[in-house]
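*Asks:*
There are 2 protein chains.
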Amino acid sequence: MARRSDHGRDELKALILDTGRQIMAEGGYARFSAREVAKRIGYSVGTVMHVFGNVDRLVMEINARTFRLWTEWLEHRLDGAKGRERILVLVQGYFDFAQIHRNLWAAIDELRVPEGMLMETALASERVHLTDVITREVAAVLPGNGRADASALASSMIAAVHGHCAFQLGGTFTLMGVEKPAELAAARIMETLSARGALTVS
Amino acid sequence: MARRSDHGRDELKALILDTGRQIMAEGGYARFSAREVAKRIGYSVGTVMHVFGNVDRLVMEINARTFRLWTEWLEHRLDGAKGRERILVLVQGYFDFAQIHRNLWAAIDELRVPEGMLMETALASERVHLTDVITREVAAVLPGNGRADASALASSMIAAVHGHCAFQLGGTFTLMGVEKPAELAAARIMETLSARGALTVS
DNA sequence: ATTATTTATTAGACAGTGTTCGATTGGGCT
DNA sequence: AGCCCAATCGAACACTGTCTAATAAATAAT
């Protein structure tokens, strides 16, 4: 039985989050459970529920962390890249991150927020932040007259790349006999940019 | 207690499938369970397990049916459409079907087949059949010299549209402030085809 | 210093889930 | 009529998330 003085409230919350993240990374959504988290940290399930309200909110916070890590990871990869290369880094980065952090990435996909429950803005903002980074890069390569809808365009491109990645990691592409998903995704993105006169060799 | 003479084996299998499909359509993956199926048809859980082996295989068969319905639905929609219109019908059809059969569509996405378990070819073939229809349409609009990789290209385009649809129904696009997902998806597809010299006004 | 109050934590219950298995029970065959 | 195989059941098992009453502990008040 854990004593109340073992961890402060914030400390305990961080401990649950760290442990939950680890369990998710190890075994994915299928093997994740609030009870497993409780067991590992030496507290009871009730305490975990008391801190996070319900298990979905815990997963949401784990996912928010994944988005933050993802964003930082992409920014780091962008270092030194220029022009067309930056776009390719983003596309390949999407795939690489998903492959490296397979289970954490899948957890984002697999969490279905129930009807009535709305996602806290603090958690949603991490996802939006990642989107903003990509929008910034898309806007940067677009010719001046095409930057107005850079946001919608970036969202659309993210969706396209996401589709490729989901099909790859979910086995759908294997079923279809597709060999190099990242290259296909990159080709689609380049077509979209070319259509707007971006990155064309002048 | 159901008598053995109530339904033949194939008849019983069909009954379970129909009922399962209905439960899935009504309440989605979240409210679906083998026990609920058993309750509704008046058999015990054991019988359902006996017929399908495990619950994942039951869901797989439900999904296979959804793919068949989806394919027929698309083929019917294609009737009378010509050229460029046929491609737009396919893109819009993807979205419309997902929206009309929200829960059935989501069930395809939400089923995660466990590592060791491979999908029976009979079930996978329904998905492949849908892919084939789209490949056929893509190949038809491509200029002769570009039809070699029509299959990979079609798969890539399906992935792109799927990404848009998943973001739409999963709420991600709402978070991003995206308004008209189907139009964005259609625009991406048209860019890809235009890049290959397809459907351009000559 | 002792009491009272608030709050964290727990254990246990509840209603679910998928899966397994021994015990029945029914229908077809000899 | 008896036999045998397969279908069906019901109960058990190990899980799940969620809730609640009781308990323990830290803090506040006297």
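Taken in sequence, the protein lines are chains A and B. The opening residue of the first sequence carries number 1134 in this note's numbering; numbering runs sequentially from there. The opening residue of the second sequence carries number 1134 in this note's numbering; numbering runs sequentially from there. Virtual Cβ for every residue (Gly too), placed ideally from N, Cα, C. From a predicted model like this one, the values you see are computed outputs, not experimental measurements.
Nearest to A:Thr1204 by CA position, among A:Leu1223, A:Ile1174 and A:Tyr1162, is which residue?
*Replies:* Nearest option by C-alpha distance: A:Leu1223.
*Asks:* Let me confirm a value: A:Phe1139 is counted as buried when at least 16 other C-beta atoms fall within 10 Å, else exposed. Which label applies?
*Replies:* The sequence given here has Asp at residue 1139 of chain A, not Phe. Under this definition A:Asp1139 is an exposed residue.
*Asks:* Considering only C-alpha positions, which residue in the set A:Leu1308, A:Phe1228 and A:Ser1284 is nearest to A:Ala1318?
*Replies:* It is A:Phe1228.
*Asks:* Let me know the alpha helix (DSSP H) ranges lying completely inside the region 1287-1333 of chain B, each 4 residues or longer, listed in chain order.
*Replies:* As far as the region 1287-1333 of chain B is concerned, its whole alpha helix (DSSP H) runs of at least 4 residues are 1305-1309 and 1314-1328.
*Asks:* Roughly how many angstroms lie between the CA atoms of B:Arg1269 and B:Ile1220, to the nearest whole one?
*Replies:* The straight-line gap from Cα to Cα measures roughly 11 Å.
*Asks:* Can you give me the start and stop residues for the alpha helix (DSSP H) that B:Asn1196 sits inside?
*Replies:* Val1188 to Leu1211 is the extent of the alpha helix (DSSP H) around B:Asn1196.
*Asks:* Would you give the residue range spanned by the alpha helix (DSSP H) that A:Ser1258 belongs to?
*Replies:* That run of the alpha helix (DSSP H) goes Thr1254 to Val1274.
*Asks:* In chain order, what residues of the region 1296-1315 of chain A put their CB closer than 9 Å to some CB of chain B?
*Replies:* If the cut-off is 9 Å between Cβ atoms, the region 1296-1315 of chain A has Gly1296, His1297, Cys1298, Ala1299, Phe1300, Gln1301, Gly1303, Gly1304, Thr1305, Phe1306, Leu1308, Met1309, Gly1310, Val1311, Glu1312, Lys1313 and Pro1314 near chain B.
*Asks:* Which of the three DSSP states is assigned to B:His1183 in this structure?
*Replies:* Note: B:His1183 maps to helix in three-state DSSP.
*Asks:* I'd like to know if A:Ser1166 contacts chain B, where contact means its C-beta is closer than 7 Å to some C-beta of that chain.
*Replies:* Cβ-Cβ to chain B under 7 Å: no for A:Ser1166.
*Asks:* Taking buried to mean at least 16 other C-beta atoms within 10 Å of its own C-beta, is B:Leu1251 buried or exposed?
*Replies:* Classification for B:Leu1251: exposed.
*Asks:* Please state the DSSP three-state secondary structure of B:Glu1218.
*Replies:* Looking at B:Glu1218 - three-state DSSP - the assignment turns out to be helix.
*Asks:* I'd like the list of long-range same chain contacts for B:His1262, defined as Cβ closer than 8 Å, with 5 residues on each side in sequence excluded.
*Replies:* So the list reads Phe1200, Arg1201 and Thr1204, once near-sequence residues are dropped.
*Asks:* Can you grab the Cα-Cα spacing for the pair A:Ala1331 / B:Leu1145, in whole Å?
*Replies:* Spanning the two alpha carbons is a distance of roughly 59 Å.
*Asks:* With 9 Å as the C-beta to C-beta threshold (strictly closer), list the residues of the region 1149-1181 of chain B near chain A in chain order.
*Replies:* Cβ contacts with chain A come from Gly1161, Tyr1162 and Ala1163.
*Asks:* Rounded to a whole number of angstroms, what is the C-alpha to C-alpha distance between A:Ile1156 and A:Ala1239?
*Replies:* Approximately 13 Å between the Cα atoms of the pair.
*Asks:* Taking one C-beta from the region 1299-1317 of chain A and one from the region 1273-1291 of chain B each time, how about it: are there three or more such pairs within less than 8 Å?
*Replies:* The answer is yes - the region 1273-1291 of chain B touches the region 1299-1317 of chain A, with three or more Cβ pairs under 8 Å.
*Asks:* To the nearest angstrom, how far is it from the Cα of A:Ala1328 to the Cα of A:Asp1282?
*Replies:* Answer to the nearest angstrom: the Cα atoms are 14 Å apart.
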